[in-house]
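Numbering (our numbering), first residue to last: 2 to 257. Note that CB positions come from ideal geometry on N, CA and C, so glycine has one too. Below is one structure, written out as structure tokens; comments come after it.
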Ligand SMILES: CC(C)=CCC/C(C)=C/CC/C(C)=C/CC/C(C)=C/COP(=O)(O)OP(=O)(O)O
Ligand SMILES: O=P(O)(O)OC[C@@H](O)CO
Ligand SMILES: [Mg+2]
């Protein structure tokens, strides 16, 4: 089924359920065996998605990494989160087809997209048209530098809402608010809440979510999917805590 990810994201948003995406930086896998043990552990805890990618990647071995993940759990959706067109693999299930709508860099609004479109048309990947919005996380991040764009201010919800609305009017179906990997300050609850109230689309939020409390605040403000990268690199048990929290929360929605 080619719209499995779409169905899951839209159902989450409709039903108010929550999900976790573990962001894997392919360059940071030092040892395959322990990495696969981590994947196995997360798969047993019903991790929802793996995102894979980075602003800049040095080793291009996405095929190998994704094949390994699929050997552990072929049902765990692996979604490309590409910093550029070179981060492509036919072994993934889907791709966040990011348009960097918070910036004014034409290559990241439409340029890279034109380059990769013919390849995607021939692939089996689910293409997820996503409005990607960088929000100031209080520190210069790789994505700010690589994209050469100015992030949205974290205390101006009206600017974030206008940007998301424009993206929705252009037909984008998913929105990703990102304070940037390793952000000091995550996307503010006010921004998340304002966007959630203005557009009806699955909302992915990440950047600087390195404690359970920050994750709870992000979900509470209206995020449907939370992304954790750096927080898991420092302490994998954060993912376990978040998955347990999500399990209880989603169960209570089934009962009510
Ligand atoms: C549609 C296609 C093929 C490409 C789109 C390309 C776009 C719009 C990219 C947006 C800008 C960009 C460089 C995004 C990368 C986001 C990303 C995967 C971040 C992951 O974290 P890192 O920024 O690598 O963090 P570290 O510095 O911690 O490694
Ligand atoms: O690495 P962290 O800070 O968790 O950020 C994840 C992701 O949203 C970055 O693009
Ligand atoms: Mg990286």
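**Request:** In the DSSP assignment, find the unbroken alpha helix (DSSP H) run with residue 16 in it and report its ends.
**Result:** Run containing residue 16: 5 to 16, per the alpha helix (DSSP H) assignment.
**Item:** Contacting residues, own chain, Cβ-Cβ under 6 Å from residue 75 (five flanking each side not counted)
**Value:** Nothing meets the Cβ criterion.
**Of the residues 129, 105, 118, 34, the one placed nearest residue 94, counting alpha carbons only** = Out of 129, 105, 118, 34, 129 has the C-alpha closest to the C-alpha of residue 94.
**Message:** Quick check: is the beta carbon of residue 150 nearer than 8 Å to any beta carbon in chain D?
**Reply:** No chain D is part of this structure, which consists of one protein chain only.
**Asked** Heavy atom of ligand 1 less than 7 Å from the Cβ of residue 44, yes or no?
**Response** Not under cutoff, so the answer is no.
**Prompt:** Taking the Cβ atom as the reference point for each residue, do residue 226 and residue 195 lie within a distance shorter than 8 Å?
**Reply:** Cβ atoms of residue 226 and residue 195: not closer than 8 Å.
**Item:** Cβ neighbours of residue 177 in the same chain (closer than 6 Å, five flanking residues each side left out)
**Value:** Counting only Cβ-Cβ distances below 6 Å, and skipping sequence neighbours, we find 131, 133, 205.
**Request:** Determine the DSSP secondary structure at residue 82, reduced to helix, strand or coil.
**Result:** Reduced to three states, the DSSP call for residue 82 is coil.
**Prompt:** Can you tell me whether residue 154 is buried or exposed, with buried defined as 16 or more other CB within 10 angstroms of its CB?
**Reply:** With fewer than 16 other Cβ atoms from the protein chains shown falling within 10 Å of its own Cβ, residue 154 counts as exposed.
**Message:** Judging by CA-CA distance, which residue of 91, 107, 77, 121 is the nearest neighbour of residue 98?
**Reply:** The shortest C-alpha separation from residue 98 is found at 121.
**Request:** Within its chain, find whatever has a CB closer than 6 Å to the CB of residue 66; leave out the 5 residues flanking it on each side and keep chain order.
**Result:** Excluding sequence neighbours, residue 66 sits near 27.
**Prompt:** CB of residue 243 to nearest heavy atom of ligand 2: below 7 Å?
**Reply:** No - ligand 2 has no heavy atom lying nearer than 7 Å to the Cβ of residue 243.
**Asked** DSSP puts residue 134 in a beta bridge; with which residues?
**Response** As DSSP reads the structure, residue 134 sits in a beta bridge with 178.
**Request:** Jot down the residue ranges of each uninterrupted beta strand (DSSP E) in the stretch 30 to 88, minimum 3 residues, whole runs only, in chain order.
**Result:** Within the stretch 30 to 88, the complete beta strand (DSSP E) segments of 3 residues or longer fall at 50 to 53, 79 to 81, listed in chain order.
**Message:** At 4 residues or longer, what runs of the alpha helix (DSSP H) sit wholly inside the stretch 198 to 227?
**Reply:** List check, alpha helix (DSSP H) in window: 213 to 222.
**Prompt:** In chain order, what residues of the same chain have a beta carbon less than 7 Å from the beta carbon of residue 113, not counting five sequence neighbours either side?
**Reply:** Once the five neighbours on either side are set aside, the close Cβ partners of residue 113 are 85, 86.
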